[in-house]
Amino acid sequence: EKTRQGFVKGLLENLGDDPLTPEVLDDLETLLLRADAGVEATDQVLDALRRRMNEEVVDPAEGLRFLKQQLCNLLEAPIQDTGTDLLAPERGRLNIWLFVGVNGVGKTTTLGKLANLAVRSGYSALIAAADTFRAAAVEQVKVWGARSGVPVIANSTANADPAAVVFDAIGAARSKSTDLVLVDTAGRLQTKHNLMEELQKVRRIIDRLAPEARVESLLILDASQGQNGLRQAMAFAQAAALTGVVITKLDGTSRGGVALAVASEARLPIRFIGAGEGIRDLRPFNSFEFVEALLANY
Amino acid sequence: MFEELSARFEDAVKGLRGQAKISDTNVEDALKQVRRALLGADVSLEVVREFVDEVRQKAVGAEVVRGVTPDQKFVQVVHQQLVEVMGGDNAPMAEAKDSPTVVLMAGLQGAGKTTATAKLGLHLKDQGQRPLMVAADVYRPAAIDQLRTLGEQIGVDVFSLGDDVKPEEIAAAGLAKAREEGFDTLLVDTAGRLQIDTEMMEEMVRIRSAVEPDEVLLVVDSMIGQEAAELTRAFHDKVGITGSVLTKLDGDSRGGAALSIRKVSGQPIKFIGTGEKVEALQPFHPERMASRILGMGDVLTLVEKA
Ligand SMILES: Nc1nc2c(ncn2[C@@H]2O[C@H](COP(=O)(O)OP(=O)(O)OP(=O)(O)O)[C@@H](O)[C@H]2O)c(=O)[nH]1
Ligand SMILES: Nc1nc2c(ncn2[C@@H]2O[C@H](COP(=O)(O)OP(=O)(O)OP(=O)(O)O)[C@@H](O)[C@H]2O)c(=O)[nH]1
Ligand SMILES: [Mg+2]
Ligand SMILES: [Mg+2]
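Protein chains in written order, with the working numbering: chain A, 1465 to 1762; chain L, 686 to 991.
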């Protein structure tokens, strides 16, 4: 675990007894912008802080506590809405988790990690290899399946219909009373109309074929991505009826600040974070930790 | 969002319209909007700051010729500065005096290296060359299969030693084969790596030493955020890049990374990826990219209409 010097601690040391100064606000702005929070969100957050400072004299510690609380609230609101703090498959019924997102963000890897977590937690799982497009996508997801002993349902003909793979997988899950079906899908840019329609079809098949199942539709968001992340969330929410988000590649220096906009504007709960390429590099999302890391100094 | 962006930019520029010339005071509002627009396009903050300063210097006191209003002049300065920073004309790929030309692909996980390797392979083949692609990613599950599948699709040979051999040894063996068998170009696909992963960056240096490439291409996802500057700096400092490939531009990202990459490394962006298919590779055009980053296409027409 990489430790980052706490931003607040560092800032407080530099500040002494001075109140929040414009220079400190500038530093905060720089931090938020560099964390990919975006201009709009940064302005909103800093405006709230300025208003607070105008209402009453606040000492810096209080001002920063207020700022962090604001950010936490923003991330927590959609999680609270769902009534579930920690996402887990429901025992005793069929769960289907769909992994969607743009190209190369970490869908297949995240699916592989979750398959492993599911097995370790005593669920029976099955993988639907519904990326029938990318070169060696099926081989890749098969490697992940084998690492946890989770069977993979695939169609070996090139460019097979992904909906047909999902159809087969749900059938297999029924006959074996599987707890959890993990569906890998091909990466697609949200601007590709036909590919988004294909995804819609996959989602429809799931709803029609398994109305009794609990479906989680997860957007995989790469922490290194910038402002386009929000557009991704909006478009995939429409096509795949998203229920949550996973932020990947948080082991790098990117902070994934676009998640703030995704949580507040797309109202999507963030469920897990990925922090490495290893099978165990996955953690439940914690908004407090996320905000601390977001505001940590380099 | 974009519409809003260029509308705001237009408003700011409008503020200059009634003025006699661009001055220190009346330019500030317009510059603020340029800053917002660049940040909205994911240009790295440090690059935005430098860029805005340069535009201020060039715009203030700029000769306003008859028939060109200050607002038009301002837009012109911003556009020209963008094009200038991004490198004027298109830069071709390096060619070694004695073949094979060696090209090393590098970048973060999932950026599009393997796809770009195949795209370049096809591009070279279409030019009548004989390229050899080397599978030097021994980590990602099925990375070798992926390159092999792509190689079959485009009819270009793939060299692999499986995933039990060190990447630098695979690369060296690939080069030996290319020399022996008279291939024109060696394209080395490598595993994705974070620039802060010291071990993996050292491996990259060893691969470079093993093949002494004529071209080291940093492959960058055009949707990347603020990280672009640091990423480029780290790869350039440690490995030394000679150019870059900007991928996934078929989406609706503004692609501000183009500005950051060029500004930080001083090396040209050579190609852009515009799709998942192996044909989707194009040369980089600074003019088009400039318009894309600022939504200047709209702004330029608005100014023309005025
Ligand atoms: N450092 C790091 N790398 C990751 C993480 N998650 C995934 N990756 C890497 O990112 C690259 C792409 O991951 P994939 O799982 O293939 O991504 P995908 O979204 O399935 O890609 P497509 O199917 O091609 O759209 C691989 O090299 C992964 O090892 C993470 O949390 N940290
Ligand atoms: N739409 C689009 N997709 C692209 C483009 N270039 C690559 N991709 C996709 O992006 C994903 C990742 O591409 P790869 O070539 O596997 O990326 P990589 O950098 O080799 O990934 P790692 O080896 O895991 O680090 C795949 O789904 C590709 O099809 C592009 O220009 N446009
Ligand atoms: Mg995948
Ligand atoms: Mg690759």
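Glycine is no exception: its CB is placed at the ideal position from the N, C-alpha and C atoms. What you are looking at is a predicted structure, and each value in this text was computed from that prediction instead of being measured.
- For A/GLY1690 against A/ASP1500, the beta-carbon gap comes to about 5 Å, under 8 Å, which counts as contact.
- For the 7 Å CB-CB criterion, L/SER929 and L/ILE954 form a contact.
- In the displayed model, L/LYS955 falls within a strand according to three-state DSSP.
- Taking C-beta separations shorter than 7 Å and ignoring five residues to either side along the sequence, the partners of A/PHE1752 in its chain run CYS1536, following chain order.
- Between A/PHE1597 and A/ALA1650, the C-beta gap is smaller than 7 Å, which places the two residues in contact.
- The alpha-carbon separation between A/HIS1657 and A/GLY1693 amounts to approximately 18 Å.
- When 8 Å is used as the limit between beta carbons, A/GLN1689 is near these residues of chain L: ASP906, MET908, ILE909, GLY910, in chain order.
- Between L/LEU903 and L/ALA747, the CB-CB gap reaches or exceeds 7 Å.
- For L/LEU724, the residues of chain A that pass the 8 Å Cβ criterion are LEU1497, GLY1502, VAL1503, in the order they occur in the chain.
- Between the stretch 1514-1529 of chain A and the stretch 1728-1744 of chain A there are fewer than three C-beta pairs closer than 8 Å, too few to call the two in contact.
- L/ASN775 is a Cβ neighbour of L/PRO968, given a cutoff of 7 Å.
- Distances from the CA of A/LEU1758 to each of A/ASP1632, A/ALA1705, A/GLU1493 were compared; the closest alpha carbon is that of A/GLU1493.
- In this structure L/GLN718 touches L/ALA697 by the C-beta definition: roughly 4 Å separates them, less than 8 Å.
- With contacts defined as CB atoms closer than 7 Å, A/LYS1571 and A/ILE1684 qualify as a contacting pair.
- For L/ARG721, the residues of chain A that pass the 7 Å Cβ criterion are VAL1503, in the order they occur in the chain.
- L/LEU966 is the residue among L/LEU966, L/LYS948, L/SER950, L/VAL949 whose C-alpha sits nearest the C-alpha of L/PHE956.
- Scanning chain L for C-beta atoms nearer than 9 Å to the C-beta of A/ARG1695 yields MET686, GLY936, ASP937, SER938, reported in chain order.
- Minimum Cα-Cα distance from A/GLY1708 among the listed residues A/ILE1670, A/ALA1628, A/VAL1726 corresponds to A/VAL1726.
- With a cutoff of 7 Å on beta-carbon distance, L/THR927 and L/VAL901 are scored as near each other.
- Neighbourhood of A/GLN1604 in chain L, by CB distance below 7 Å: PRO826, ALA827, in chain order.
- Annotation for A/ASN1567: no beta strand (DSSP E) segment contains it, and DSSP assigns it neither H nor E.
- Only residues of its own chain outside the window of five on either side were considered, and among them none has a CB closer than 6 Å to the CB of L/LYS699.
- Here DSSP, grouped into helix, strand and coil, assigns A/SER1728 to helix.
- Residue environment for L/VAL905: buried (at least 16 other C-beta atoms within 10 angstroms of its C-beta).
- L/GLN880 has its Cβ no nearer than 6 Å to any heavy atom of ligand 2.
- Within 6 Å of the C-beta of L/GLY877 there is at least one heavy atom belonging to ligand 2.
- Three or more beta-carbon pairs separated by less than 8 Å are not found between the stretch 886-897 of chain L and the stretch 832-850 of chain L, which leaves the two stretches without contact.
- About 14 Å separates the beta carbon of A/ASN1559 from that of A/ASP1671, a gap too long to meet the 8 Å contact definition.
- A heavy atom of ligand 4 is found nearer than 6 Å to the CB of L/THR799.
- Against chain L, the CB of A/GLY1716 has a partner CB under 7 Å away; the residue lies at that interface.
- In this chain, L/THR754 is not harboured by any beta strand (DSSP E), its DSSP state being neither H nor E.
- Relative to ligand 3, the beta carbon of A/ASP1595 is positioned inside 6 Å of a heavy atom.
- The C-beta of A/LEU1732 comes no closer than 7 Å to any C-beta of chain L.
- Between L/THR834 and chain A, the shortest Cβ-Cβ separation is below 7 Å.
- Residues of the stretch 780-805 of chain L with a C-beta atom less than 9 Å from some C-beta of chain A are LEU793, GLN794, GLY795, ALA796, GLY797, THR799, THR800, ALA803, listed in chain order.
- Taking the C-beta atoms as reference points, A/LEU1575 is found nearer than 7 Å to A/ASP1648.
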